[in-house]
Every structure is written in C-alpha cells, then in structure tokens.
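Following UniProt numbering, the numbering of the sequence shown begins with 1 at its first residue and continues without gaps. By construction, the Cβ of each residue, glycine as well, lies at the ideal position given by its N, Cα and C atoms. None of the values given here were measured: they were computed from a predicted structure.
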Amino acid sequence: MEERLTMKAEPSANPSPQDRSAPSPQRSVEVAAPATIEEAKTATVAAPLVEAGPAFPPQPRPSITQVAEAAPVQPQCSTAPSTSTTLAAPESAPRVKKPPIQTSVDQPTESEQIRSRKSSSSSQKSSKSRRARKEELTREFENCLEQVLTWLLEAEEELSLLDEVDENDLKTVRKQFKDFENFMASLTESQDTVGRVLHRSKLNCLSWEKTLISCFRTNVQVDEGESSDERVGALELSLHSIGERWRAICEWAEVRASQLDGLAELCAQTTEVFNTLCEWLKQREHELLGLKSAHHLEEPEQVAEQVRKLQRAEAALEAEHGSFVRLSQLSCELVARLEKGNGAAANEVRRRLDTVTQRWDNLVARIEEHSRTLVQSGKADVRQFLAATGAQPGPSAIEQKVKADRVVKPTESSLKVTTMEAAAADTGETTTDTEPEEATHQIVERFLRHVEKLTAEMEPLQAWTSTFSVSRKPDQVRKMISICQEKLMEIKDQEAKVNRLQLELEHMHLSADLTPAHLKRANDAFEKFAKGWARIVTKISEAMNVLTGHDEADEEQVVAKGIEQWIEGCDKVLTELMRTTKEERAKRLEKLEQQLETQQGNLTFIEKDPLKKAILKKGLDIVKKRIDGMSEEPSTSKSEGDLNAELEGEWCTVGDVAALDKEVERADKAVEVARSGNMSSETVEKAETRRAEMVERRRATSAALEKMKAAEEGMQSIAASVEATSSSDISLSGAITELKHARERLASYENLKKEAERAAEKMLALDDNVPQTITTTTRNRLRELSERWRELENAIEDHLNCARKEQKRSVQKTISNEERLLEQLEKRLADSEKASDAEECCEHLDNLESLLERVDTTLDVDDEILSMDESYVRDSFARLNDSRRRLADATRERIASLSRAVADCERFEKQMADIQQWSAHVSTLLDLRKSGDVSALDVPDEYKSAFESGTLVQELAREFASWTTALDETATWLEEGERKHNERFHDQFTHARNTFMELSQKFADFKHPKGFEEKIERIVHKLEDIENSLDDMTGIEAIFCSEALAEAKSLVKKLIAIEEDVNSLEKGKEQLIQEGIFDKESAAPFAEKIRLSKKKTKELGLRAEDAVERLEDCVEMYNKLLNESEQVEEFLDQLEDRLEKYASEDKAQDEEVVDELVSEWNRHESSLRNLEELERLLRENAVKVSEGVCADKRRRADALKMRLDGWSRTVQKKGDFSLI
C-alpha cells in the first residue's frame, strides 16, 4: 500500500554535442498520481499549462490509440538514464503563463535559451539526425504509456471479475476476502512494476524517498522546439487519465474493504442463530402434531395431557422469544450492510426472516386455537392455562406473546428505508451483557428518531388540515372529493408506518430493560405524535362525511341502502329458521320469497351505479339460493361422520387459484350442510375453520400472483423505456435525465418486488404440504425476477456511465474551444491598442464585436455542467466563466472607446454633408419665392406637408435655428484638443458657415404673411364641408346610426380645432398689424372673414352637439329595438312550433293547453307594443327603420293570434258540447 508509482526526469549525464551546441528550452508539465489508497481519495492531476497555451481538460480513459495520437508532443522521456518522470498526487496546480524552466549545470540560462530559440529551431529543421532522435524518443514514450495503460486495463478487468459478496456461505465469503487480499497485494506489486517500466533507476536513500512523498512533483520534459500546445495538452490528458483511473481503483478497493470488514462474522452469526431457531421451531411443530381436536378428547386424562402440552409449548415460546428478537436484530444489521451492494442477498435475508416469523405465528395461532376450542367445549377451564404462570384472568399469555412477536414486523419494514448511518446506529444498538444501559438508551433514541422522522413526513398533511375547508357548492363537490381522495391515499400510505411505530412502542413496554423514565419519554413523544395524527384522520373523515352526504338524499342511494338492510336482516332470519319446525319454516319462507320479488323489482331503479347494482344483485341471488335450499326437502343428506371425514381429508393447497375457488365452494357447501343438518357445534366450527383456511389460501395465492405480475410488468415497462431512450436521438442531458428517471422508477418498484417476494414466501408458508412443483415454480419465478431486476439495474447504470462519459468529453471539448476563442480575443484586444486612424479603428471594431458576440453567446453545456459530479470540470468551467466575464468587460470598454473615436469623425463628416444637402434644398425653395406666390408643385417633397398645413415658414425657422445651434456646437468642438490644428476640418466648417449665412439672408426676404389668407380660406372651406355633413345626417337608416354618431363626434372635435384656429388667426392679424405688415384698411376684409367664420363655427357646434345627443338616443333605442325584436322572434317561433305540435297531437286536455298558449300570448303582447313604440320614436328622430324589424313580426303575430283564437273557439265549443 505504501509503494509509489514514480517516473523521474533527470538531465542527461553525458549530453550529446548537438544538445550542447544548440540547447532548447524545456517546458515543464507537472503530473500527479496517488501514492497510496488513502492519498488517492483527494488526489488530482496537476498540469500547469505552457506559456500562452489554452487549457485542455482531461478526457475520460484515453485508449492506446489516443495516446499514440498524442505522441507527436516529442517529450524527452524514455527508459534511458537521461530522462524519466515521476507520477505523484499534489493538489491541482494553478495555471500560469510562463512556467519556470528547470536549470542544471549543463543547462543554459533563461536569457541564453531565449536568444538561441530561433537558431535552435532552424538547426532542428535542417538536421535529419536530431529529427530521427526525437522520433525515437517519441516511440519510447509511447511504449511507456502503453505499458501503464495496459496494466490499468488489466487491473480494472480483474476488478470487474470479482464476485459479489455471498452472505449465505461463510466459506465463500472467506474465499472472496482472500481473493480481495490477493488483488490488493498484486495492486501494490504492480506499482513497483509500473515504476520500473517508467524509470530504470531506484531511490538511493530514505531521505530522498521522503522528499518525493512530501512533494510528489513530476516533471515531463518537453522539447519546445517543435512541440505545439495541442500536443502538450494531449500529453496532459493522458497523464491525468492515468492518475484518475488509479485513484478510482484505490477508492473502490478501500470501499470494498470497509464493506467486507466484519461481514463474514455477521453472516456466520446470523446463519447460526437462524439455523438454531429453525431447528427449535421444527421440534415445536413436531410436538404440536400430536395435539388432537377437542371433540376427539373423551377421557379427562387425555384432556389434562393436552393442557400440559399446550402449557409446555407456551412456556417454550416465551423462553425462546429472546432468540427470535436476536435473529430480528441481526437480520436488520445484515440487510443494512447488504442493501446497497447486493440487493438480492438482502431480499433473501428478509425472506428467511419472513419464513421464521410465519412459522412462529403459526405456532402461536395453533396453541391459541387448541386452547380456545378446549375452553369453548367445556372440557377445560381457563384457569388451567393460567395456573402454570400464575397470571390473573384477562388477556392470555399467548395473546400477549403475539403482540410481542409483532415487533418483528416494524423491524422488517424498517429494513426498506435503512441508510448507512442508520445501519451504523442499529449496529450499536445490539444489546450486550457489558453495556445494557447504553443499549437501552439507543433503543429509546432510535424510537424518538422514528417519531421525529414520521412527524416530518406528515408536515404536509398537517399543513393541509389547517388550510383545507370543505365547500358544499355543487360545482365544487367533485373537486373537493378528488382532493380528499388524494389525501386519503397519502394517509393510507402513512398508516402502515404509524402501525409499525405503535408496535415498536408496545415492544418497548414489553421489554424488561427499559426504566420508567425511558418509557415516559417514549410515551410523551408518541402521544404528541398521535394527537397530530388524530387531527389528520378526523379532518379527512369529517370532509369525506360532509362530501358524501351530498348524495344521501338521492333516490337511488335510498333504494340501495334499503336493499342492503333487507339482505342483512334476511340473513339473520334464515339463520334463525334452521332452528324452527318445518311448518313454521315454510310459512316464513313463503313471506320471504314475496319480499325477495319486491326487492328484485326495486333493484331496477338503480341505474347510475352499475357496480353497486351488481353487488346487490349478487346478494339477492345468494339469498334466493338459501331460500330455495331451505324450501326443498333433501332426498339424501350427509351424516356428521361423513362430513367430518371430508373435512379432515385432503384439500387443495396454495398455488392454484382456480382449484382454490372450487375448494372454497366445497367448504361453503360443507358449512351449509353442517348448519342445515343441525349438526354439532364442533362440526360447524370445523367446517367454518376449513372454509376460512381455504379463503385464506386463495387470498394469499391471489395476492402473491398479482404482486409478482405487477412487479414483472413494472420491470418490463422500465426496460422498454430504457431501450427506447438508448435508441432515440435525444440529447445527452435528456438521455441522462430519462435514465435517472428510469432508475428512480426502478427504485420505487423495489418495494413492490419485495412485497411480491414476501407474499410468495407467505403463500408457501401457509401450508406444510405444498407440492414441490409449486414451490419450485414459484421460487424459479422469483429468482428470474430478481435476476432480470439486477440485469436491468446494471443496464441502467451502464447506460448512465456511458452517457456521462460522453457528456464529459463533449463538455471538455466545448471548454477547449471556448478557451481558444478567449485567447484569440485577448490577442485582438492587444492589437487594437495600436490603431492610429479611423480606418484601422473600424477594422478592429468589427473584429472585436464579432468575437464578443461569440463570447457572450450562452454555452450549450451550462445546464449539463451544473448537473455533473466532476469537480475538475466544474472548476475548469468556473475559471472559464471568470475569464469570459473579464475579457468581455474589457472588450466592451475597448469597443466603446473605438466607437467614440470613429463616431466623432463620422459625425463631423456627416454634419458637413448634411448641411450642404440642406442648403441646396432650402436655397432652391427660397429662390422660388420672389415677389409672387410659391406653387405647390415647386415645393420639395419634404416640405409639401408643411406647405399644405400653412406652417412652411415656421418649419424653415425651426430648421434654421437647429442648424445655428449645431454650427455653434461644432465650432466649440473644433477648438478642443488637437482638432484646432486640423486645417481640413476648419476649411470644411468655414465653407458651411458662409453658405448658412447666405441662406439666412434669403430666408429673411422669404418671410411674408402669404399663408395668412390661405389659412382663412381653408377654414371657410372646412366649415362648409362640416355643414354639408350635418345636413346629410337627417333621414338616415337606423343601421347607420352608430357610424353617423362617430362622424358627428369627429365633427365636434373638428369644430373645436377650427375655433382654436380662428382665435389664432385673430391674434395673428393683430400681430401683423402691430408689425406694420397690415394696415387697418387692408386688414378689414380679413377681419370680416374671421368674424363670419367665428359665428358660423358656433352655430355648427350647436348643431353638431344636438346631432350627437339625437344619434346617441337613436343608437340606444335601435339596440333596444333589436333586442326586443329577437325576443319576439324567439317567442313567435316557439309559439308557432307549439301550435304545430298541438295541431298534430290528440290531447285529452285541450282546453288547458290552449289556455296556457293564450296566457303566454298575453304576456308577450307588450313586447310587440314596445317594438312599435320604439319604431315610432326612431321615426320622430328622423331615422328610418326597415320593415323586417317590426312590421314582419306584427304580421306573423297577427297570423298566430288568429290561429290561436280559432283553436280557443274550437276548444270552447267542444267543452260546451261535452257539458250538454
């Protein structure tokens, strides 16, 4: 274990002339390999990257071919004395840009290496001898790595061939332990062997050995002359893979050793206790075979002997109960040790414990049954059974013992959820003679932990009870019932755990080792838990009672309940009739047959619940068979002796459900014969016992077969999903998720499989005479199920491992590509600082933006890395993200700086070009306006909208002001920094400033109030258009009222805008007069037009508001008219349909129907009048209404009224005729 796998790199003692003449720098790659198993737990591979080289993460388990592909690294490593390497296990070394170069007496200094690098490189390219030597060194290094990898593959193969631990055979376990020791010894020896392959020299002194152990540094000397970063990265990957695989083997070996430690002794101890208890149970069962039935005991001596046997058996059970508890505890501990590594073995331990428990219960049940029959028959007194133990009358010792024996059940169930920590705690709980107080304290603490754990599991149910409230609304009942059913299923799942907890508390009370203080502590904890459990059960019970009470008033429920009560009462009556005379029995049977016919008739009323109906029909058929059987006089009847012989004869055993169904029917007939034949109570009891035994066998057989089938179907469905996942084209993360889900499903089905195994074992344990074929078939089926289950688990794990390895490889490749991208970005950043002009800045800006976009793109492996268990990959990814963020921030800052530099120049050039273009357009426009008008066709397109709206001058004034401000800012900008010495910029600015000054003078001449008159004329035209629109709103159709209303509202808004324009014109007129552009005479025509426009605007505004109010009323009335019309239309259709139906049918009560139609007509007569009134109001408001809305309906109504009056008169005449 303390051996080390080492490779030592030393400088050559006699360097060649080529080495002395052209020394080349060396790159140091530190590698790590664990020296011992303990050190391998935390060992990682330290591989600092070479200068300016990208990080190459380790790939999983490279093959020999991959190592050969990485061979062109050309390292100076061989089996010759001049080079060697040492594999050790330091912590992962940090990444550095320039790793230190090792120096020695024969090595040049760093500056000499740098100066000679170019000459060395050129000499290597020209020297064929040196190239041949490097190729030879490469081949030697390949051989070294191939030998190491071959040894690792052999060790892993030998590891996979080791068998799983067999807990049944102590010799096998010892042999497996010896095999494991041999494997560990060979592993230790192989360390030296591999070390001799990788290096030829031995350690000379103990101090040097301690130095190597403390530092574990390994240097692989790589010639930097022709090696590349990729080759160095491949070398790092290979060495890292070797270290990882070595660490995995060491970790597995240590875990395996800890699992096997003490397991053989525990298996031997459990087997010894199991065999002893089985032998004891066999003896007790043999003793109980001599017991006879109570009715076969005629002499008092026989009765006394039987009582003594029962007392001895009971005393033996009490005395051996400690062995039984001991076996349970050992089984718990053994299952906890085997649960993870060998599930089949753990299940076998559970099965053996179930078998012993079943045999123990059978003994207790047989003793109890014989004791009870003796007491009931009057041949023995209960005090005889109490005399041996001196117990007081009350629950028998056997009953108390049965309660104590049930402690095995929670122990057995707890095996399913035992963790490694709980197993360790349970191991310490085993009572010994030297530490009773500690064991007692551990028992109480374990019980309190179980209570605390179960309380935590029930916290969701506790929260639900405090927040849930029952709603009796009809639309909420179904939802409430669904919620309560889900919670009821959860409560049922927890009920088994509560029962196990209660049985564990009972066992603590029966234990003599616990003090009153311990019991009080356990009772207080359980009482607190029981209160919460009671609240949950009470809440769900009340909720279900309230919700199911919704349907109690239903007629079908009442009928079904009545039939159930009649069946129960009839069963009691038929039982009593067997004791009456034939005459009385015949009379009462006749009455029961009449009642049976009535109940069969009531059964037809149940239609909504077919299942309930089928159950009740079956119950009525059974009652009918019993009545028929009691009515018929049997021609022949079995004697009591024949029936006893049949009952004590051979009956079908477990395994065949169909045969057991027949046996149950046969037992039912025997019970019926015993009861109807007025046989002795012993015979009746024996028949009922036989029937209960057959029913129990059928139940156990059905349960076992169903659970085994369910387990097989669940396993098949999971296997199908795993196969579908492995053959589909989904992503690796999706495949891993699906496989994990399949593994979780398989784990959830584990309990079902265990239940199937226990049910099968219980089925086989019900009868001592189970045929060998049934036993073999059942056990083979269970064995096949376990094997297929184990194969499926292994298949899922294999698929998961493969998917994870492929995912790791993909992630590492992505990280490598991203690191190369970051290095490229870092180089571009350094180059961009040398840019001197705008053209270079633009070029660097484009490159940086492209690289930044690629860096900012989210990697596809983000979610995959978070879900991986590889700390090395996560650390590499974390470092990569830090580098990405750092370089991305630096790139953004540099891009912003370059953008500002480019934008300043571009903005100035663009501003100069824009002012030249604007000057050309505006100069053309200003030249058009001399003393005449400006035609719309002559105005440029960009100014036509302003010209049409009369704001051309204002628009030009804003543009002149904007350019004035822009030129002032540009003048300030030109005076800053080095730009004030730029003659080209100043010449461009001077030319733009002169052009702008000329345009400003032209614009001063252009300003003249020509648009004032045009604006007045436009307002006059708008008012005329609005007046025409208001005139058109008179006499419109009703269907266009909404559109007319919207148009009227828009006219109101236009008039408001026109009013504001008129006011602005009035103010503009006064301003023009003040400025001297207008005098009073020239302004008089404009003033008159403004006054008339203002007056007309007010008049049209009033008309428009009236039109809006009128149209709003019309829209509302028309909507009412349409609604009333639809109702009248619906009523007329219904009335017409009813009249047609009335005319086609022959009614006995014609007068009532006609009166009903007449009254309904009278109720809807008002609707027709409302239609006519609404139509009249709309016409008064100058709105036309189509005839289809009202007139057509009036005509239909008149026609229906005439038909109704005719029917009324006819019915009246018919009534008068009948009176006559």
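Asked, Found
"Just the Cα atoms here: how many angstroms apart are GLU1088 and GLY1035?", "35 Å"
"Hey, is the stretch 456 to 470 in contact with the stretch 489 to 500, meaning 3+ C-beta pairs nearer than 8 Å?", "yes"
"Once you ignore the five residues that flank ARG585 on each side, which residues in its own chain have a CB closer than 7 Å to its CB?", "LEU577, MET630"
"List the DSSP bridge partners of VAL1183.", "ILE1036"
"How would you label GLY1206, buried or exposed, when you count the other beta carbons within 10 angstroms and need 16 or more for buried?", "exposed"
"Any idea if ARG1195 is buried or exposed, counting beta-carbon neighbours within 10 angstroms, 16 or more meaning buried?", "exposed"
"Is GLY677 close to chain D? Criterion is C-beta to C-beta, closer than 8 Å.", "Note that chain D does not occur in the displayed structure, where there is just one protein chain."
"Should the stretch 596 to 608 be regarded as contacting the stretch 643 to 651, the criterion being three or more beta carbon pairs within less than 8 Å?", "no"
"Nearest by alpha-carbon distance to ALA992: which of LEU334, ASN602, ALA920, VAL855 is it?", "ALA920"
"Less than 8 Å between the beta carbons of VAL1115 and LEU1177, yes or no?", "no"
"What are the start and end residues of the alpha helix (DSSP H) that includes ASP229?", "229 to 260"
"Helix, strand or coil for TRP651, going by three-state DSSP, please let me know.", "coil"
"Measuring alpha carbon to alpha carbon, tell me which of ASN1063, ASP179, VAL232, LEU187 ends up nearest THR138.", "VAL232"
"Taking all protein chains shown into account, decide if GLY243 is buried (16 or more other Cβ within 10 angstroms of its Cβ) or exposed.", "buried"
"Determine contact between the stretch 821 to 836 and the stretch 881 to 891, defined as no fewer than three beta-carbon pairs at a distance below 8 Å.", "yes"
"Looking only at its own chain, which residues have a Cβ that is under 7 Å from the Cβ of THR465, when we skip the five neighbours before and after it?", "ARG535, ILE536, LYS539"
"Among ALA903, ILE1039, HIS799, MET480, which has the Cα closest to the Cα of CYS841?", "ALA903"
"DSSP three-state label for GLY341, please.", "coil"
"What separation, rounded to the nearest whole angstrom, lies between the Cα atoms of MET508 and ARG626?", "50 Å"
"Rounded to whole angstroms, what's the CA-CA distance from ARG372 to VAL307? Just pull it up for me.", "11 Å"
"LEU739 to ARG790, Cα distance in whole Å?", "15 Å"
"Taking the alpha-carbon positions, what's the ARG804 to HIS741 distance?", "15 Å"
"Among the candidates ALA659, GLU640, ARG697, GLY734, whose CA atom is the shortest distance from the CA of residue 1221?", "Residue 1221 lies beyond the range of the chain shown here (1 to 1220); nothing can be said about it."
"When you compare only the Cα positions, how much space is there between LEU925 and ASP968?", "25 Å"
"Alpha helix (DSSP H) containing LEU584: first to last residue?", "This sequence places Glu at residue 584; Leu is not what is there. Run containing GLU584: 582 to 603, per the alpha helix (DSSP H) assignment."
"Closest to LYS1094 by CA distance: which of GLY1068, GLU1172, LEU1023 is it?", "LEU1023"
"Is the Cβ-Cβ distance between LEU898 and LEU822 less than 8 Å?", "no"
"May I ask you to report which of helix, strand or coil DSSP gives GLY677?", "coil"
"Note down the Cα distance separating VAL657 from SER186, rounded to an integer number of angstroms.", "57 Å"
"Under 8 Å: do the stretch 745 to 765 and the stretch 350 to 359 share three or more Cβ pairs, one atom per stretch?", "yes"
"CB-CB under 8 Å to GLU761, same chain, minus the five flanking residues each way: which ones, in chain order?", "ARG351, ASP354, THR355, GLN358"
"If you drop the 5 nearest sequence neighbours on each side, which residues of the same chain put their C-beta closer than 7 Å to that of LEU660?", "CYS652, MET694, ARG697, ARG698, THR701"
"Among the candidates LEU792, LYS479, SER816, whose CA atom is the shortest distance from the CA of SER876?", "SER816"
"Going by Cα to Cα distance, which pick from ARG690, GLY655, VAL654 is closest to ALA670?", "ARG690"
"Would you check if the distance between the CB atom of THR1097 and the CB atom of LEU1055 is smaller than 8 Å?", "yes"
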